[in-house]
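Asker: Have a look at this one.
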Amino acid sequence: MSGIIGGSRSKSGVIDLINAGEFDQFQTAKAWLKMTRSGNTPTIVNSYNVSGIASFVYSRWRVTWVTPFPDTNYVIVGSAGEGEGGAMGISGYATTYADIYMTTHGPTVSSPVSMAFVVFGD
Amino acid sequence: MIILYKKDEEVGVLIPAPNCGLTLEQIAVKDAPEGAVTKIIEDSDSPDTDFIEAWESDDKLTEVTINLTKAKDITKDRLRVERKPLLEAEDVKFMQAQEAGSDTSAIVAEKNRLRDITKDADSCKTTDELKALTIKE
Chain A
1 MSGIIGGSRS
11 KSGVIDLINA
21 GEFDQFQTAK
31 AWLKMTRSGN
41 TPTIVNSYNV
51 SGIASFVYSR
61 WRVTWVTPFP
71 DTNYVIVGSA
81 GEGEGGAMGI
91 SGYATTYADI
101 YMTTHGPTVS
111 SPVSMAFVVF
121 GD
Chain B
123 MIILYKKDEE
133 VGVLIPAPNC
143 GLTLEQIAVK
153 DAPEGAVTKI
163 IEDSDSPDTD
173 FIEAWESDDK
183 LTEVTINLTK
193 AKDITKDRLR
203 VERKPLLEAE
213 DVKFMQAQEA
223 GSDTSAIVAE
233 KNRLRDITKD
243 ADSCKTTDEL
253 KALTIKE
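Those sequence lines, one after another, are chains A and B.
Heads up: the first sequence is residues 1 to 122, going by this note's numbering.
Heads up: the second sequence is residues 123 to 259, going by this note's numbering.
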């Protein structure tokens, strides 16, 4: 597989599997992340092969991998929308990181919103 | 703990993943932009991330402050996004009222209130005041 897939809001998607703790579904994953945000503050709930989240623009985050992937021949399947709703997208990716975003929620929104994704590759 | 960084005029924050096997110092070196200055601080000492694009600091990250002018622009952008569906709904109401020959003055007043709402940001003196601004009456 190659390229990036994002933006799914399906409740039967990746985020539901992660929420359910069904990590055995992702045995072939290169990385995964579940995070919440309150305003623009991200909190990492659980992760694999993720070293951190960098933030310098509202609603966009750079997720970095502990172990870089040998190439960009990978697929990200992500989901967002718990709480206030919204969708996740990918704005860039490389061997060491992926830039992700969630549709805008204003600073007045204080309820945590979840987002999760899994990275698959060759 | 979190990691602040500054590279040129960009000030940002790194949120380390717990139990990733790397130390904070290793994450700072690996994930901050090349050549950036970094500083590890307590989570509770983080500047307000809702205005992250308005963060400013000296080159040593001694203190991160929020540029209020930039914060006002960020707030105006937020209000524009939030009011867009409401303005569109008022436009529909306006056309329907015109077709029915009804009074449109209340609709016009609401449209004007929504159009002018970004001006409220100009009089704010703190980021708390900016965050409290809402499109609701």
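For glycine and all other residues, C-beta sits at the position ideal for the given N, C-alpha and C.
Using 8 angstroms as the Cβ pair cut-off and three pairs as the minimum, do the stretch 137–147 of chain B and the stretch 176–193 of chain B touch?
Answerer: Counting Cβ pairs under 8 angstroms, fewer than three are found: no touch.
Asker: With 8 angstroms set as the bound, which would you pick, yes or no: does the beta-carbon of residue 34 of chain A sit closer than that to a beta-carbon of chain B?
Answerer: Here residue 34 of chain A refers to the residue found at position 34 of the first sequence. No, no contact with chain B.
Asker: Just tell me which of B:170, B:127 and B:183 has its CA closest to the CA of residue 150 of chain B.
Answerer: Along the second sequence, one-based indexing puts residue 150 of chain B at 28. When only C-alpha atoms are compared, the closest one is B:127.
Asker: With residue 57 of chain A and residue 175 of chain B assumed to form a contact (beta carbons below 8 angstroms), what rounded beta-carbon distance in angstroms separates them?
Answerer: Taking the first sequence and counting its residues from 1, one reaches residue 57 of chain A at position 57. Taking the second sequence and counting its residues from 1, one reaches residue 175 of chain B at position 53. With a Cβ gap of about 6 angstroms, residue 57 of chain A and residue 175 of chain B count as contacting.
Asker: Please list, in chain order, the residues of the stretch 35–63 of chain A that have any C-beta partner in chain B closer than 7 angstroms.
Answerer: Answer set for the stretch 35–63 of chain A: 39, 40, 41, 42, 44, 47, 50, 51, 52, 53, 54, 55, 56, 57 and 58.
Asker: Using beta carbons (cut-off 8 angstroms, strictly below), is residue 178 of chain B in contact with chain A?
Answerer: Locating residue 178 of chain B in the second sequence gives position 56, where the first residue counts as 1. Not one chain A Cβ lies under 8 angstroms of residue 178 of chain B.
Asker: Does the CB of residue 147 of chain B have a neighbour CB from chain A at under 8 angstroms?
Answerer: The count along the second sequence starts at 1 and reaches residue 147 of chain B at position 25. So, not an interface residue.
Asker: Can you give me the C-alpha to C-alpha distance between residue 228 of chain B and residue 200 of chain B, rounded to a whole angstrom?
Answerer: Within the second sequence, numbered from 1, the residue matching residue 228 of chain B stands at position 106. Within the second sequence, numbered from 1, the residue matching residue 200 of chain B stands at position 78. Distance between the alpha carbons of residue 228 of chain B and residue 200 of chain B is about 25 angstroms.
Asker: Are any of the Cβ atoms in chain A nearer than 8 angstroms to that of residue 142 of chain B?
Answerer: Numbered from its first residue, the second sequence carries residue 142 of chain B at position 20. Closer than 8 angstroms to some Cβ of chain A, the Cβ of residue 142 of chain B qualifies, so yes.
Asker: Would DSSP call residue 181 of chain B helix, strand or coil?
Answerer: Taking the second sequence and counting its residues from 1, the one referred to as residue 181 of chain B is at position 59. Of the three classes helix, strand and coil, the one that applies to residue 181 of chain B here is coil, per DSSP.
Asker: In three-state terms, what does DSSP make of residue 34 of chain A?
Answerer: Position 34 of the first sequence, counting from 1, holds the residue named residue 34 of chain A. In this structure, residue 34 of chain A counts as strand in the three-state DSSP scheme.
Asker: Out of B:187, B:160 and B:183, point me to the one whose CA is closest to residue 169 of chain B's CA.
Answerer: Position 47 of the second sequence, counted from the start, is the residue given in the question as residue 169 of chain B. Measuring from the Cα of residue 169 of chain B, the nearest candidate turns out to be B:187.
Asker: Can you tell me whether DSSP reads residue 196 of chain B as helix, strand or coil?
Answerer: For the purposes of this step, residue 196 of chain B is taken as residue 74 along the second sequence, with counting starting at 1. It is helical.
Asker: Is there a Cβ from chain B that is less than 8 angstroms from the Cβ of residue 118 of chain A?
Answerer: Residue 118 of chain A sits at position 118 when you count from the first residue of the first sequence. No, residue 118 of chain A lies away from the interface with chain B (no Cβ there is under 8 angstroms from its Cβ).
Asker: Taking a cut of 7 angstroms between CB atoms, which residues from the stretch 161–186 of chain B lie near chain A?
Answerer: Under the 7 angstroms Cβ criterion, the stretch 161–186 of chain B contributes 171, 172, 174 and 175.
Asker: Leaving out five residues before and five after residue 246 of chain B in sequence, what residues of the same chain have Cβ atoms less than 6 angstroms from its Cβ?
Answerer: Translated into the one-based positions of the second sequence, residue 246 of chain B becomes position 124. Counting only Cβ-Cβ distances below 6 angstroms, and skipping sequence neighbours, we find 252.
Asker: When burial is assigned at 16 or more other CB atoms within 10 Å of the CB, is residue 214 of chain B buried or exposed?
Answerer: By one-based count along the second sequence, residue 214 of chain B stands at place 92. Exposed, because fewer than 16 other Cβ atoms sit within 10 Å of the Cβ of residue 214 of chain B.
Asker: Would you mind working out which of B:216, B:153, B:125 and B:243 sits nearest residue 192 of chain B, comparing C-alpha positions?
Answerer: Numbered from its first residue, the second sequence carries residue 192 of chain B at position 70. Minimum Cα distance to residue 192 of chain B is reached at B:243.
Asker: Residues in its own chain within less than 7 angstroms of residue 139 of chain B by CB, not counting five upstream and five downstream?
Answerer: Residue numbering aside, residue 139 of chain B sits at position 17 when the second sequence is read from its first letter. Contacts found: none.
Asker: Just how far apart, CA to CA, sit residue 83 of chain A and residue 211 of chain B?
Answerer: Counted from its first residue, the first sequence places residue 83 of chain A at position 83. Counted from its first residue, the second sequence places residue 211 of chain B at position 89. In this predicted model, residue 83 of chain A has a pLDDT of only 49, less than 50, meaning its place in the structure is not dependable; the value taken from the coordinates is given anyway. Going by the C-alpha atoms only, they are around 24 angstroms apart.
Asker: Measuring only between beta-carbons, confirm whether residue 66 of chain A sits less than 8 angstroms from chain B.
Answerer: The residue labelled residue 66 of chain A in the question sits at position 66 within the first sequence. Output row for residue 66 of chain A: interface = yes.
Asker: My parser needs the alpha helix (DSSP H) runs of 4 or more residues fully inside the stretch 131–187 of chain B; what are they?
Answerer: The qualifying runs are 146–153.
Asker: Taking all protein chains shown into account, do 16 or more other C-beta atoms lie within 10 angstroms of the C-beta of residue 231 of chain B, making it buried, or fewer, making it exposed?
Answerer: Stepping through the second sequence from its first residue, residue 231 of chain B is reached at position 109. Exposed is the call here.
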